[in-house]
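What follows is a set of notes on a single structure, which appears directly below.
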Amino acid sequence: MAVGKITFTKTEREKLAEVLWLLNWISVVTGAILFGLGLFLKIEIQKWQEVMSEQGILYVPHMLITTGLAACGINYLGSKICLDCADTNKFLRWKLVMMPYIVCTFFFTACVLAGALMCYSIRSQLEEALYLGLRNTMRFYKDTDTPGRCYLKKTLDLLQIQFQCCGNTDYRDWFQIQWISSRYLDMTNSAVVDRVRSNVEGKYLMDSVPFSCCSTLSSRPCIQHNLSNPGAHAHYDEQSQQLNLWRRGCQQALLDHYTGTMQSIGLTVLLIWLFELLVLTGVRYLQTAMENVIRLGDPDSESEGWILENSLAETACYNFSIIKSLGKCYQVDDDPNINVPTAAADQEAPSAQVQVNVTS
Amino acid sequence: MALLKMKFSQQRRVRLAQGLWLLSWLAVMCGAFIFCLGVYLKIELLRRDEVMENTEIHVVPNLLMMVGLASIGANWVASRVCQDSLDASRFPRWKVLLLGWYAVALLLCCLLLAVVVLSYALQGRLEESLKVGLRNGIRFYKDTDVPGRCFQKETIDRLQMEFRCCGNNNFKDWFEVQWVSNRYLDFTSQEVKDRMRSNVDGRYLLDGVPFSCCNPASPRPCLQNQLTDSRAHYNYEYQSEELNLYSRGCRQALTDYYMGLMNSTGPGVLSVILIQMAVVMRYLQTAVEGAMALESPEGESEGYILEKDVKATYADVKAKALDLLKFAQVDPASEAAGAEEGEKADEATEKAATTAA
């Protein structure tokens, strides 16, 4: 029992071929869009790659870029095939290629779906990468004289200004690291020496934050130092404290930014996937209809098209047995001559010889 | 003797028409680009409206938008003319308009040149406007509780961070202004009282700058206070410290930004294209008219820029202009001649009537 059987007249087949040609060209454009989206995502991730700990999330844009390029190629080939399929003579040229082409397109469509789902599932990995990356960047904020880390200060300052965030989860993260380099500390000053001695690791810790944490929405000039002691500043009330610095952590800000981007990209890729599925179904119908026409012999007659010749279960069993038999090609279990007892063969041989003696 | 005469066969006329059609669509694109440039410039000027004192500079984007729209229209007409030029039945209706088209193209070229000249000429006015606007912004930085001025702090902070600049001419402008509001000063502190007494107006002046002047590219954490005192900070030399704050003034930064936008090559390119189009159009017009006058429309015809040479054309144009001026005057000699002619005509009709009867 065929799955999704539809009967096509000659004009309907030609119409289908034309429509599929157009849809394939549109798919080439959507493939280019997919490529563009992958490239955009890659550039966005690389912009702030210094604050991310590992580059594992780059596989998402790479996937989108490769599927985009593959889409352009496959759909270009598909448009050529569909253009020729309207005519039975030209279809014979493509007959052998059609089945592999459809199988390829099916797997490629599955890749597009995988790409879309990846965009949605990346959040937890990104969270971890951002937490570790930001922690390291904040630790190396002061190392502007160490090669390989000298740009981290500028990057983190620009990040905090652009995304309006401060610290990893909170502005208090800055209280736990030394973000002023020792070369700007006057070690002869007793206050400095006391601070350095006051903790186990000998770090110069302060309850202050860098200037990039300052909020532009505050109605008073920015208070960066002595933040744990609100009484040290004149009229520093609760409302002033709320507005003084950026309240959001940079991990949250970047996470929101990237998940927003990836969700919109994921939605677009899902729509592209649906479109590709539609094109694949159309091509399958066209292929089966044209093959049936050739089988019937008359190019002008009606023919049937379907998605699967037998039901889903039967097709699955059939394909499974093909795969199984592929693996068995070197085994000889079916040979009837193996392991047959040799006694019968001995008995037969002498009787044949006796007969020969008598006649001669 | 025609000016720059060239012979055109049918083939060449067709090529000329096609080439001009392409050129006119290119000019439509350029016109659209000029319009978009005008819109973008206007939006950018409106965004920084709060630090500008007057809106004189807005004449440049307004003119760009007008010229862009006008050139889109004129060049679309030109493309229609080209399409119709090879069809003898449709071309004559454009003949009347072509003189007007030349005038419009010339006017557009002049306007584009005016835009380029204006953008340079108004640079001084822009700087003045920015100077006053920024000075007010810096003065009212602390007045976040005064309606009408409460946005100045945020505006100036965002401006300094976005354009990487500090103060009006440089960061020292902040030393002359009280940018910390009195409501955040502790009047019981001796230091505050000393500072306020140290100047005539009783203002709290600091040698410090707001946080938005800080340069993220500096290798050391930003120093905002006691900037003139080299001993106040460890390993700090006031005279030689360059990276700590932004060294550029905001007036210079904004002026450079707007001059860069206005001096883009758009108007120049479009005026060049328009001039080329006018020349080619003239050739096409004269060649097609010549072909239509011939017995065999497929044959060769001549195209030129001016029918006679420059002197003769100038004399012709002068005579025509004078004629137009004399049209309103009453000429006694011609009136008498006209009256005589009228009498003769009456006599002729009387004679005809009598002979008929």
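These protein sequence lines map, in sequence, to chains A and B.
Per full-length UniProt numbering, the first sequence runs over residues 1 to 360.
Per full-length UniProt numbering, the second sequence runs over residues 1 to 357.
From the three backbone atoms N, C-alpha and C, an ideal C-beta is built for every residue, glycine too.
Which residues in the same chain have their Cβ closer than 8 Å to the Cβ of residue i, if we skip the five residues on either side of it in sequence?
i	result
residue 255 of chain A	123, 126, 127 and 130
residue 27 of chain B	71, 75, 78, 270, 273, 274 and 277
residue 164 of chain B	215, 246, 248 and 253
residue 286 of chain A	13, 16, 17, 20, 82, 85 and 305
residue 42 of chain B	58, 61, 62 and 65
residue 349 of chain A	With a pLDDT of 48 at residue 349 of chain A, under the threshold of 50, the predicted position of this residue should be treated as unreliable, and no value is reported.
residue 355 of chain A	The predicted model places residue 355 of chain A with a pLDDT of 47, which falls under 50 and marks its position as unreliable; any figure quoted below should be read in that light. Excluding positions up to five away in sequence, the list is empty.
Checking 7 Å against the spacing of the C-beta atoms, do residue i and residue j come in under that value?
i	j	result
residue 34 of chain B	residue 64 of chain B	yes
residue 20 of chain B	residue 82 of chain B	yes
residue 126 of chain B	residue 57 of chain B	yes
residue 280 of chain A	residue 109 of chain A	yes
residue 115 of chain A	residue 68 of chain A	no
residue 3 of chain B	residue 325 of chain B	no
residue 88 of chain A	residue 302 of chain A	no
residue 140 of chain B	residue 152 of chain B	yes
residue 142 of chain B	residue 179 of chain B	yes
residue 193 of chain A	residue 202 of chain A	no
residue 10 of chain A	residue 300 of chain A	yes
residue 265 of chain A	residue 119 of chain A	yes
residue 171 of chain A	residue 209 of chain A	yes
residue 28 of chain A	residue 133 of chain A	no
residue 283 of chain B	residue 5 of chain B	no
residue 71 of chain A	residue 22 of chain A	no
residue 166 of chain A	residue 211 of chain B	no
residue 225 of chain A	residue 184 of chain B	no
According to DSSP, what are the bridge partners of residue i?
i	result
residue 308 of chain A	A:3
residue 3 of chain B	B:306
residue 301 of chain B	B:8
residue 245 of chain B	B:214
residue 214 of chain A	A:245
residue 303 of chain A	A:8
Excluding the 5 residues preceding and the 5 following residue i in the sequence, name in chain order all residues of the same chain whose CB lies nearer than 7 Å to its CB.
i	result
residue 113 of chain B	271
residue 4 of chain A	306 and 307
residue 251 of chain B	127, 130, 131, 134, 168 and 169
residue 24 of chain A	75, 78, 79, 82 and 279
residue 48 of chain A	159 and 254
residue 9 of chain B	300
residue 217 of chain B	243
residue 53 of chain B	129, 132 and 133
residue 90 of chain A	84
residue 7 of chain B	300 and 302
residue 353 of chain A	The predicted position of residue 353 of chain A is uncertain, since its pLDDT is 47 and thus under 50; a value taken from the coordinates is nonetheless stated next. If we look at residue 353 of chain A and ignore the five residues flanking it on each side, it has no Cβ neighbours.
Using a Cβ-Cβ cut-off of 6 Å (strictly less than) and excluding sequence neighbours within five positions of residue i, which residues of its own chain qualify?
i	result
residue 223 of chain A	233 and 244
residue 157 of chain A	212
residue 292 of chain B	88
residue 13 of chain B	287
Assuming residue i contacts residue j (C-beta within less than 8 Å), just tell me the rounded distance between them.
i	j	result
residue 86 of chain B	residue 17 of chain B	5 Å
residue 168 of chain A	residue 249 of chain A	6 Å
residue 216 of chain A	residue 158 of chain B	6 Å
residue 144 of chain A	residue 153 of chain A	5 Å
residue 67 of chain B	residue 115 of chain B	7 Å
residue 195 of chain B	residue 205 of chain B	7 Å
residue 221 of chain B	residue 180 of chain A	5 Å
residue 155 of chain B	residue 51 of chain B	7 Å
residue 240 of chain A	residue 207 of chain A	Between residue 207 of chain A and residue 240 of chain A the Cβ distance is about 17 Å, and since that is not below 8 Å, they are no contact.
residue 58 of chain A	residue 45 of chain A	6 Å
request  = Could you please tell me which residues of the segment 148-161 of chain B, in chain order, have their CB closer than 8 Å to any CB of chain A?
outcome  = Those residues of the segment 148-161 of chain B that come within reach of chain A (Cβ to Cβ, closer than 8 Å) are 150, 153, 154, 157, 158 and 161.
ask   = What are the residues of the segment 158-173 of chain A that lie near chain B, defined by any Cβ-Cβ distance shorter than 8 Å?
value = Residues passing the 8 Å Cβ filter: 158 and 161.
Interface positions of the segment 190-218 of chain A facing chain E (Cβ-Cβ less than 7 Å), listed along the chain = The structure shown contains no chain E; the protein chains it does contain are A and B.
request  = Determine which residues of the segment 227-245 of chain B have a Cβ less than 7 Å from any Cβ of chain A, and write them out in chain order.
outcome  = With the criterion set as a beta carbon lying under 7 Å from some beta carbon of chain A, the members of the segment 227-245 of chain B are 234 and 235, in sequence order.
message = Against chain B, which members of the segment 230-257 of chain A pass a CB distance test of less than 9 Å?
response = Here the close residues are 233, 234, 235, 236 and 240.
message = Against chain A, which members of the segment 182-197 of chain B pass a CB distance test of less than 7 Å?
response = If you check each beta-carbon in the segment 182-197 of chain B against every beta-carbon of chain A, the ones closer than 7 Å belong to 183, 184, 185 and 186.
Members of the segment 133-149 of chain B near chain A, C-beta cut-off 9 Å = With the criterion set as a beta carbon lying under 9 Å from some beta carbon of chain A, the members of the segment 133-149 of chain B are 141, 142, 144 and 145, in sequence order.
query = If contact means a Cβ-Cβ distance below 8 Å, which residues of the segment 42-66 of chain A contact chain B?
reply = From the segment 42-66 of chain A, no residue has a Cβ closer than 8 Å to chain B.
task = Mind checking the segment 126-144 of chain A against chain B and listing, in chain order, the residues whose C-beta falls within less than 9 Å of any C-beta there?
result = Correct list: 141, 142 and 144.
message = Against chain B, which members of the segment 293-311 of chain A pass a CB distance test of less than 7 Å?
response = Listed by position, the residues of the segment 293-311 of chain A near chain B (Cβ gap below 7 Å) amount to none.
message = Any C-beta of chain B within less than 9 Å: which residues of the segment 96-130 of chain A qualify?
response = Using a CB distance below 9 Å, no part of the segment 96-130 of chain A faces chain B.
message = Taking beta-carbon pairs under 7 Å, can you tell me which members of the segment 64-94 of chain A lie near chain B?
response = Within the segment 64-94 of chain A, no residue has a Cβ that lies closer than 7 Å to any Cβ of chain B.
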